[in-house]
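A quick write-up on the structure given underneath.
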Amino acid sequence: MKNFTGQALRWEWRDSVIELTLDRAPANEIGTLMLGELEQFAAAAEKLAPETSVCIIHSARKPGFSAGADLRELYHGAAALSEKDRVAGVRDFIERIHTVLNYLDAAPFVTIAAVHGVCFGGGFELALACDIIIADKMARFAFPELRLGLIPGFGGIPRLKRDLGNAFVRDLLLTGRSVNATRGQAVGLVAQLAAEGEALRIARGTAGQITKFDAVTRAAAKKFIKPIPHEEFRREIDLFCELFTRPAVSMKLVALDHVQIAVPPLSEDRARGFYVGVLGLTEVERPAALENRKSIWFTSGSINLHLGVEADFVPAKKAHPAFVVEGLDEIIAKCVKAHLPTRPDVPLNGFRRVHICDPFGNRIELMEKSAS
Amino acid sequence: MRTPEQTTQEVLELAATHFKVPASSLLPTDDFFKKLGIDSLQALELLSRLENHFGIELPDYEVQGVSDFKTLAERIQSRL
Numbered sequence: 004m005k006n007f008t009g010q011a012l013r014w015e016w017r018d019s020v021i022e023l024t025l026d027r028a029p030a031n032e033i034g035t036l037m038l039g040e041l042e043q044f045a046a047a048a049e050k051l052a053p054e055t056s057v058c059i060i061h062s063a064r065k066p067g068f069s070a071g072a073d074l075r076e077l078y079h080g081a082a083a084l085s086e087k088d089r090v091a092g093v094r095d096f097i098e099r100i101h102t103v104l105n106y107l108d109a110a111p112f113v114t115i116a117a118v119h120g121v122c123f124g125g126g127f128e129l130a131l132a133c134d135i136i137i138a139d140k141m142a143r144f145a146f147p148e149l150r151l152g153l154i155p156g157f158g159g160i161p162r163l164k165r166d167l168g169n170a171f172v173r174d175l176l177l178t179g180r181s182v183n184a185t186r187g188q189a190v191g192l193v194a195q196l197a198a199e200g201e202a203l204r205i206a207r208g209t210a211g212q213i214t215k216f217d218a219v220t221r222a223a224a225k226k227f228i229k230p231i232p233h234e235e236f237r238r239e240i241d242l243f244c245e246l247f248t249r250p251a252v253s254m255k256l257v258a259l260d261h262v263q264i265a266v267p268p269l270s271e272d273r274a275r276g277f278y279v280g281v282l283g284l285t286e287v288e289r290p291a292a293l294e295n296r297k298s299i300w301f302t303s304g305s306i307n308l309h310l311g312v313e314a315d316f317v318p319a320k321k322a323h324p325a326f327v328v329e330g331l332d333e334i335i336a337k338c339v340k341a342h343l344p345t346r347p348d349v350p351l352n353g354f355r356r357v358h359i360c361d362p363f364g365n366r367i368e369l370m371e372k373s374a375s
Numbered sequence: 013m014r015t016p017e018q019t020t021q022e023v024l025e026l027a028a029t030h031f032k033v034p035a036s037s038l039l040p041t042d043d044f045f046k047k048l049g050i051d052s053l054q055a056l057e058l059l060s061r062l063e064n065h066f067g068i069e070l071p072d073y074e075v076q077g078v079s080d081f082k083t084l085a086e087r088i089q090s091r092l
């Protein structure tokens with residue numbers, strides 16, 4: 004496929020040059036969407052390889068080449084899983100990325116990363132998989148992963164070490180600092196410096212030169228000078244997965260113990276009517292130590308709900324606890340019968356969701372797993 | 013050899029040019045995040061400009077927590 008426009012990127016083949024444009028708001032974060040389209044690109048590039056001499060990768064996003072892996076997506080996806088599934092999920096993602104980057108690294112055509120703005124973490128690793136980096140003077144490179152308790156997981160360390168030796172890698176990795184393109188050129192990371200905004204133009208000029216040479220010689224030369232450190236990649240993947248799923252070593256929040264909701268004075272019976280009668284919670288005795296406090300305690304399953312009397316009570320109309328329930332329709336029917344407001348909300352992550360109010364106007368969200 | 017005052021003035025002028033505001037509107041004690049309304053990515057752009065202009069490197073950790081031009085100039089001064 005010589006042309007493709009996706010949601011995270013697009014490419015166009017013309018006169019033996021492929022231009023791959025990363026274009027995913029805000030800053031080309033590499034998540035499952037970008038990864039899927041990169042995989043499509045790799046498959047297409049493999050077919051186009053016999054008639055391709057250069058591939059230029061660049062970004063259409065103002066902030067820069069790429070800000071790195073979409074960690075929010077990675078963590079958010081991982082949070083809902085069991086320990087075993089979390090490990091497998093992260094490993095799968097990382098291995099897929101490695102497959103794409105290893106393809107680029109070893110491709111028979113020359114790869115040029117035309118970099119502007121931020122080129123951090125996974126984005127930096129994408130650039131490092133290319134043969135040549137052309138960066139404009141305002142570009143910055145960084146491995147911020149240590150700040151997050153991780154290491155670069157897309158092959159960045161082995162590739163940077165392959166290219167520049169250990170000291171520069173240590174500096175970037177252990178301090179997490181970003182360096183500008185001028186420094187990059189001084190150490191040999193950046194092959195050519197461009198004026199601000201001119202990296203793509205210079206990359207195209209360089210590509211024009213490269214296309215003049217014999218394809219077979221080029222592919223052989225590239226293979227000769229560019230060892231792929233497979234063993235180091237394997238160790239990096241193992242280490243990354245280990246660190247990603249590691250529980251925090253010092254302080255951490257372990258579990259929610261209870262939620263306390265405010266209720267007005269002299270409301271205990273109405274409260275019981277709702278929390279027991281409608282929601283099906285069971286009232287429990289407060290511990291002797293807390294006998295004097297004005298509160299009522301309920302429980303159900305792993306849920307502990309406390310009601311605290313507040314003299315100047317104001318209902319929580321927006322802030323709310325959310326409970327997973329069974330029999331959501333029965334609860335809604337009871338609310339309707341008790342003239343309590345109910346409002347459905349958009350389903351999320353396979354759950355039906357409805358917001359209701361207790362007799363005092365406090366908002367409560369109820370969720371039930373959708374039958375699938 | 014620049015004096016701290018000269019350095020501060022150059023920082024202000026660079027920031028003014030980059031973010032397209034009059035240099036006279038910026039004070040050394042201004043918080044550049046608030047005054048210029050910039051985000052962290054734009055702060056990185058300013059960092060690149062400063063590094064290129066003064067011919068130094070300014071590690072991110074040196075400027076973390078710095079938000080006024082005068083302190084920024086002091087950090088730069090210590091690398092000149």
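Residue numbers (my numbering), protein chains in the order written: chain A, 4 to 375; chain B, 13 to 92. Every residue gets a Cβ at the ideal spot worked out from N, C-alpha and C, and that includes glycine.
- Taking 8 Å as the upper bound on Cβ-Cβ separation, chain B lies near residues 121, 140, 141, 142, 143 and 145 of the segment 121-153 of chain A.
- DSSP, reduced to helix, strand and coil, places residue 15/A within a strand of the structure shown.
- Using a CB distance below 8 Å, the part of the segment 30-44 of chain A facing chain B consists of 30, ordered along the chain.
- With 16 or more other Cβ atoms from the protein chains shown falling within 10 Å of its own Cβ, residue 140/A counts as buried.
- At least one CB of chain B lies nearer than 7 Å to the CB of residue 180/A.
- For residue 263/A, the enclosing beta strand (DSSP E) has its first and last residue at 262-266.
- Among the residues facing chain B, residue 173/A is not included, as its CB has no counterpart in that chain under 7 Å away.
- Residue 344/A sits exposed, since fewer than 16 C-beta atoms from the chains shown fall within 10 Å of its C-beta.
- The beta-carbon of residue 40/B is placed no less than 7 Å from the nearest beta-carbon of chain A.
- Remark: fewer than three beta-carbon pairs, one from each stretch, lie closer than 8 Å, so the segment 38-49 of chain A and the segment 80-95 of chain A are not flagged as touching.
- Scanning 89/B, 65/B, 45/B and 92/B for the CA closest to the CA of residue 76/B turns up 45/B.
- A Cβ of chain B is located within less than 7 Å of the beta carbon of residue 183/A.
- Straight-line measurement puts the Cα of residue 351/A at about 36 Å from the Cα of residue 236/A.
- Nearest Cα to residue 168/A within the set 181/A, 186/A, 191/A and 150/A: 191/A.
- Burial check for residue 278/A: the Cβ neighbour count within 10 Å reaches 16 or more, so the residue is buried.
- Chain-order list of chain A residues neighbouring residue 69/B: 182, 183 and 186, by C-beta distance under 8 Å.
- Going by DSSP, residue 325/A is part of the beta strand (DSSP E) stretching over 325-327.
- For residue 4/A, no alpha helix (DSSP H) segment is defined, and its DSSP state is neither H nor E.
- Proximity to residue 8/A across 24/A, 339/A and 17/A peaks at 24/A, based on C-alpha coordinates.
- Under a criterion of Cβ atoms nearer than 7 Å, the residues of chain B adjacent to residue 66/A are, in order, 53.
- Collapsing the DSSP output to three states places residue 181/A in a strand.
- In this structure, residue 59/A places its C-beta atom within 7 Å of the C-beta atom of residue 115/A.
- In the DSSP assignment, residue 174/A forms no beta bridge with any residue.
- Looking from the CA of residue 152/A, the closest CA among 361/A, 245/A, 263/A and 48/A belongs to 245/A.
- Interface criterion not met: the Cβ of residue 25/B is under 7 Å from no Cβ in chain A.
- In the DSSP secondary-structure assignment, residue 301/A is bridged to 286/A and 308/A.
- At a cut-off of 7 Å between C-beta atoms, residue 56/B counts as an interface residue with respect to chain A.
- DSSP places residue 61/A in no alpha helix (DSSP H) but in the uninterrupted beta strand (DSSP E) bounded by 57-62.
- In this structure, residue 125/A and residue 71/A form a Cβ contact; the two beta carbons are roughly 4 Å apart against a cut-off of 8 Å.
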